[in-house]
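For reference, the structure is listed below as structure tokens.
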Amino acid sequence: MEGRADRKGKMAAILFHIGLVAYGIGSFGHLASLVRERPGGHDFGDRALTVGFLFHGASVLLRAIDLVQGGAFRFAEGLSFVAFLTVGLYLLVGRSFRIPILGAFVAPLVVVILLPAHAFPDPSATPPPWMGWIRPLHIAMALSGLALFALGFLISTLYLLLQRELKTKRPGAMFRRLPSLAQLDRMTQQVMTAGFVLLTLTLLTGVLFPVSSAESSTLRQLTKEAMGVVAWGLTAAILVLRQILGWRGRRVALATMMGFFCLAIAFAGVFVGRPV
Amino acid sequence: MKDRLEILSIGVSHHTAPIAVRERVAVASERLEEALHELCARPGIAEAMIVSTCNRLEIYAAVRGEEGPASARAFLREREPGIDRHLYENRGLSAVRHLFRVCASLDSMVVGEPQILGQVKEAFRRAEQARTVGRILSRSVQRAFTVAKRVRTDTQIGAAAVSVGFAGVELARKVLGSLQGRSAMLVGAGEIGTLAARHLAGAGCADLHVVNRSRERAEALAAELGATAHPWDALFDLLVRCDVVVCSTSAQDPILTRDRVQEAMRKRRHRPLLIVDLAVPRDVDPRANEVPDVYLYDVDDLDRVMEENRESRKREAALAEGIVEREAQAFYAALHNEAEPLLRAIRRQAEEIVRQEIARTLGREEFDEKQRAGLEAMARAIANKILHLPTTRIREAGLEDDGALLAAAATLFGLGPAAAEASRSAPAAGVSAERPAAVREGAATARPEGVAARVDRARPDRQEEEGAAALRPRLVYSGSGNS
């Protein structure tokens, strides 16, 4: 039985590394296209990301089976799941936004997220006791929300870069390659609304059901909950300001980025070095 | 031996002639058909198309020998006796290259502007209506349209605005996205401001407002633009409401200060605002650009944007020139490729065999629709695969002027050199620069002027066709056995 689990772990690691290499190639394609301003490179980058996504997806599936069966959920895996969901969102949803240049930001970010997972696979953590289906569901929603916030963060970054070019009156690559500020703003709103729904469900499942093991440190638990609530509050405030009061522009983009940082801290604060 | 038809472009443009000359030689739209018939009636001209715009008057023609160009020159000289020193003339490959460059907007006053393609399309349509275009011009112009489209797709040549009006619209689109349903305000009644407002209206900005110190002038301008006129006091309220503001008053002091703009932005809840200040002295305090979500552009800023755009177009134009050159060479080689009639005959023969065999097999057996379609597809695929290598070699032989190989191929396929009606009228397959490398290399070095003589030596029995029939490829083949 243990030999089988080992084989599964090795297979997951191989698939993960193939995915990481494909993401690296995708990053190169997208970045080269960004620098040389040739749209063809983005297509190549997207194809490489798709290949990476498939291999990475297979690796994530193997780990998810392990997790559902009560396996430990570690920082490295958390990063891997977030990166996987971010690429998936970009490929499935982000491409419909028709901003090929977004890939030049998503692909390197994913590589940066995955490198610690590659460096610290942390295979020896003790699995927590099985606490039912609600725990994997809670984690899946939290990570999907984080991936959506990551996408919102990247689109807000593009917004600020384009805004800077417009303010300094020197149209450059962003001016030529990005859609309008209004369109970027709309995309951020869509992504953040979806992220907010998932974050709300994550908080509700966290409050109503026991999803953490008793051994989890109280300080870590508090950090996670506090930052999760701060991110939720910030996102709620942004959405209210945007939807009800009609706020737009730079401040909203900055607040969106802050929301992502809060969630990232909540994520890192809880996962680093130990299981949930 | 009679001279074969060659493509010619001759005329004047903004590069070679001042406007005074251009306006004298221009052909009015209502006289175009008459001019085309007049041209084609002259000796040596078999086909003609006239492109007459404010920047150029060009004749594209299929001509024979020296007589054709001389006739075209005489036609232009009759319109403007001193035209010779302004004329440019291209023949053969240079004429194809020139046509492709014109359509791709590489020869335009503003490189990359899209209007010229529409103008050439219109000229071609009129020539088709007048029935003065045949095989050579039709193929050349159609190919030029395809190349122009490719240049637009593969380069960013038309992406950046290079006039004040378009630059204003481009900026507005970059900030606000689609201008449909957006509101804009024109402050003052300056000429350049009015022009910019007209561009905004043309881009879909339907909710236009005009504010001017003189109410009468505001109303007159509003009526002209389809806008709403407002008194001067409404300026601030409209600043809160509108997404784009174009200022062009003759005021000596700023009419919009930083504080005023900041206050408006608070009321707008920081919805982005584009202010285009075309006035000199400026109407808007330059520090207003420091207010978050305000994008203030004055005349110098717009000029800088346009300069960067012009530079960007230059870079893209270099890429476009490469595309045009490759396409022109490939097309010209194909236009005069002696192998094309043979290739058409081989393909037709193969198609006929496939058709007959399918009919025979399907007549014997019971097949449903799906099986029938599968069988037909399989038969065609087999024929194509068998023919692929021989046809590639034959096309290369045509490009390399290898008349002996062409003659051998015709014999091997059982195709005699007798004139076949079907071969004459069938259109040649489209040829693009995206062909196999060997073919491209052949195309780049082909000298079609010499092809005919060399092929003639290989096939001394060939007959030269006369008159309009000489527009067709000179080697024609007909099946002699299988069909």
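So the sequences go chain by chain: A and B. Whatever position you read off the first sequence (first residue = 1), add 2 for my numbering. Whatever position you read off the second sequence (first residue = 1), add 11 for my numbering. Just so it is clear, CB atoms sit at the ideal spot from N, CA and C, and this is done for glycine as well.
Item: Residue burial classification, B:Arg-136 (beta-carbon count within 10 angstroms, cutoff 16); Value: exposed
Item: Coarse secondary structure for B:Met-120, derived from DSSP in three states; Value: coil
Item: Interface flag, A:Gly-251 vs chain B, CB-CB below 8 Å; Value: yes
Item: CB contact check: A:Leu-183 to chain B, cutoff 8 Å; Value: yes
Item: Cβ pair count under 8 Å reaching 3, the segment 52-67 of chain A against the segment 6-22 of chain A; Value: yes
Item: 8 Å Cβ cutoff, B:Ala-457 in contact with chain A; Value: Low confidence applies to B:Ala-457: its pLDDT is 35, below 50, so where it sits in the model is not reliable, and the reading given next is rough at best. No, no contact with chain A.
Item: Contact residues within the segment 212-225 of chain B, judged by C-beta distance below 7 Å to chain A; Value: none
Item: Whole-angstrom distance between B:Ser-149 and B:Ala-431, CA atom to CA atom; Value: Confidence at B:Ala-431 is low in this model, with a pLDDT of 37, below 50, so the placement of that residue is unreliable and no value is reported for it.
Item: Members of the segment 292-320 of chain B near chain A, C-beta cut-off 8 Å; Value: Asn-300, Pro-303, Asp-304, Tyr-306, Tyr-308, Asp-312, Arg-315, Val-316, Glu-319, Asn-320
Item: Cβ neighbours of B:Ala-394 in the same chain (closer than 6 Å, five flanking residues each side left out); Value: Ala-361, Val-365
Item: Selection from B:Gln-367, B:Leu-398, B:Pro-401, B:Thr-403 that minimises the alpha carbon distance to B:Leu-386; Value: B:Gln-367
Item: B:Ser-24: first and last residue of the uninterrupted beta strand (DSSP E) it sits in; Value: 16-24
Item: Classification of B:Asp-525 by the beta-carbon crowding that lies within 10 angstroms, buried from 16 upward; Value: A question about residue 525 of chain B goes unanswered here, because the residues of chain B that appear run from 12 up to 494.
Item: B:Ala-207 versus B:Asp-254: straight-line alpha-carbon distance, rounded; Value: 15 Å
Item: Status (buried if at least 16 other CB within 10 Å, exposed otherwise) for B:Glu-325; Value: Looking at the sequence itself, residue 325 of chain B is Lys, so the reference to Glu does not match. So B:Lys-325 counts as exposed.
Item: Closer than 8 Å to chain B by CB, A:Pro-110; Value: no
Item: Whole-number beta carbon distance between B:Ile-369 and B:Ala-390, since they are thought to touch under 8 Å; Value: 6 Å
Item: Counted within 10 angstroms of its Cβ, other Cβ atoms place A:Pro-173 as buried (16 or more) or exposed; Value: buried
Item: Buried or exposed by the 16-neighbour rule on C-beta atoms within 10 Å, applied to B:Val-221; Value: buried
Item: is_contact[B:Pro-283, chain A] using C-beta, thresh 8 Å; Value: yes
Item: At least three beta-carbon pairs within less than 8 Å, the segment 251-269 of chain A to the segment 161-169 of chain A; Value: yes
Item: B:Ala-57 in three-state terms, based on DSSP; Value: strand
Item: Alpha-carbon to alpha-carbon, B:Cys-65 and B:Leu-128; Value: 14 Å
Item: Rounded distance between the beta-carbons of B:Pro-283 and B:Val-186, thought under 8 Å; Value: 5 Å
Item: Contacts of A:Leu-63 in chain B (Cβ-Cβ under 8 Å); Value: Those within 8 Å of A:Leu-63 in chain B number zero; the least Cβ separation is about 38 Å.
Item: Residues of the segment 184-196 of chain B whose Cβ lies closer than 9 Å to any Cβ of chain A, in chain order; Value: Arg-184, Lys-185, Val-186, Leu-187, Gly-188, Ser-189
Item: C-alpha gap between B:Ala-290 and B:Ser-261, whole angstroms; Value: 7 Å
Item: Burial state of A:Ile-141 (16 or more Cβ within 10 Å); Value: buried
Item: Residue interval of the alpha helix (DSSP H) (run including A:Ile-246); Value: Segment: none, A:Ile-246 is in no alpha helix (DSSP H) and carries neither H nor E.
Item: Coarse secondary structure for B:Asn-101, derived from DSSP in three states; Value: strand
Item: Within-8 Å CB hit, B:Arg-161 to chain A; Value: no
Item: Residue span of the beta strand (DSSP E) that contains B:Cys-51, given as start and end; Value: Unbroken run through B:Cys-51 is the alpha helix (DSSP H), 43-51; no beta strand (DSSP E).
Item: Helix, strand or coil at A:Val-209 [DSSP, three-state]; Value: helix
Item: Under 7 Å from the C-beta of A:Pro-173: neighbouring residues of chain B; Value: Val-316, Glu-319
Item: When B:Ile-405, B:Asp-288, B:Glu-327 are compared against B:Leu-354, the one with the closest alpha-carbon; Value: B:Ile-405
Item: Chain-ordered neighbours of A:Arg-178 on chain B, where CB pairs are closer than 8 Å; Value: Gln-167, Ala-170, Ala-171, Ser-323
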